[in-house]
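Novice:
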Ligand SMILES: [Zn+2]
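Okay, structure coming up:
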């Protein structure tokens, strides 16, 4: 058993060391020793721990490197106000997902056409210029980005929509580590238009802040990049003239960004003045649109993770329990997480007897 893995799996369940100790009937001191590798773990004890945490015992022997949230991962200032236990649980989820993805992608090639470039904002002429550069490198046509999830996936970024436990965290991005691809964890509780902006914002972090310590201005830079990526100034400026709430709702359906983002864009591009900007925002608040905007758009659904599972089940003829075991989970959790109906497997392949 790998003590670090035990700690990670425990944290992924949001349990403290003392809570786990109580559940399996050992003293907190013993549990602490176990987690520091100072006490041996007999098989029956491992079985009890595995049962308590609802993971197969094999998963406790994984030897993968566990990574922390350095500045390259964890930009958002809001996140710093979260309780340690929440951060640890999210850190565990992110690490486990990366380990699972590494295993699931071992025998499958993920088809990627483009790369995520690493750019220096000052060298290329600012975050907006960087956004234009990425649009060009990825051969994106003029106009709105139709499906940003598909766009990012074509560049090899794996997107995982997850419940990140706290509304304060909209997403976490991690650069490639140990052969795993770029990954983005996106909080699934956001409306579709906000989720698109979040994905563009996270792309900015990977492009601009991927391999260096993020500057103080990282958040502002990421927003500036995202705005230009989704709403190129040269194309949208004319359309924003004299923007009203009604016009914003129409443009939302075209550009697939929130009305709030369009109005902010109009202000940032100098199309409307500060007073008009404030007045539109007051109207948005009064109508309760700060939380739920009208004119909802359809969600851009990522497919790589789903396809990865599907290829194993359909083409490589894994059973759900075999694949769950590869991913270090029990079949019921694996099926729930990847939306597989265990009772009626979709596999039609028959194995020769
Ligand atoms: Zn950010």
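Numbering (our numbering), first residue to last: 1429 to 1781. Here a beta-carbon is modelled for each residue, glycine too, at the ideal position from N, C-alpha and C.
What number of angstroms, rounded off, separates the C-alpha of residue 1602 from the C-alpha of residue 1634?
Specialist: 8 Å
Novice: Given residue 1643, which residues of its chain have a CB within under 8 Å of its CB, disregarding the five upstream and five downstream residues?
Specialist: So the qualifying residues of the chain are 1637 and 1649.
Novice: Could you pull out every unbroken alpha helix (DSSP H) segment of at least 4 residues lying fully inside the region 1482-1546, listed in chain order?
Specialist: 1512-1532
Novice: Report the partner residues of residue 1612 according to the DSSP bridge assignment.
Specialist: 1587 and 1601
Novice: Do the CB positions of residue 1531 and residue 1754 come within less than 8 Å of each other?
Specialist: yes
Novice: Looking at C-alpha atoms only, which residue of 1542, 1615 and 1483 is the closest neighbour of residue 1404?
Specialist: The first residue shown for the chain is 1429 and the last is 1781, placing residue 1404 beyond what the model contains.
Novice: Measure the beta-carbon distance from residue 1527 to residue 1490 and round it to whole angstroms, keeping in mind my assumption that it falls under 8 Å.
Specialist: Rounded to the nearest angstrom, the Cβ distance from residue 1527 to residue 1490 is 6 Å, consistent with a contact under 8 Å.
Novice: With hydrogens ignored, establish whether the beta-carbon of residue 1647 is closer than 7 Å to any heavy atom of ligand 1.
Specialist: yes
Novice: Exposed or buried, residue 1688, counting other C-beta atoms within 10 Å across all chains shown (16 or more means buried)?
Specialist: buried
Novice: Let's test the definition: count the other Cβ atoms within 10 Å of the Cβ of residue 1707 and tell me whether it reaches 16, buried, or not, exposed.
Specialist: exposed
Novice: Just the C-alpha distance for residue 1672 and residue 1535, rounded to the nearest angstrom, thanks.
Specialist: For residue 1672 and residue 1535, the gap between their C-alpha atoms comes out near 52 Å.
Novice: Does DSSP put residue 1433 in a helix, a strand or coil?
Specialist: helix
Novice: Straight-line CA distance for residue 1651 to residue 1718?
Specialist: 18 Å
Novice: May I have the straight-line CA-CA distance separating residue 1450 from residue 1758, to the nearest angstrom?
Specialist: In this model, residue 1450 and residue 1758 are separated by some 23 Å (Cα to Cα).
Novice: Decide if residue 1734 is buried, meaning its Cβ has at least 16 other Cβ atoms within 10 Å, or exposed.
Specialist: Residue burial annotation: residue 1734 is exposed, with fewer than 16 other C-beta atoms found within 10 angstroms of its C-beta.
Novice: What does the Cβ neighbour count give for residue 1439, buried or exposed, with the cut at 16 atoms within 10 Å?
Specialist: Under the 10 Å beta carbon count, residue 1439 is surrounded by 16 or more other beta carbons and is classified as buried.
Novice: Taking the alpha carbon of residue 1556 as the point to measure from, which residue in 1468, 1765, 1697 and 1588 has its own alpha carbon closest?
Specialist: 1697
Novice: Determine the extent of the alpha helix (DSSP H) in which residue 1462 is found, giving its start and end residues.
Specialist: 1456-1463
Novice: Specify the secondary structure class of residue 1683 as computed by DSSP and reduced to three states.
Specialist: helix
Novice: Would you call residue 1682 buried or exposed, if buried means 16 or more other Cβ atoms sit within 10 Å of its Cβ?
Specialist: exposed
Novice: Sort 1474, 1657, 1468 and 1714 by Cα distance to residue 1685 and report the nearest one.
Specialist: Answer by Cα proximity: 1657.
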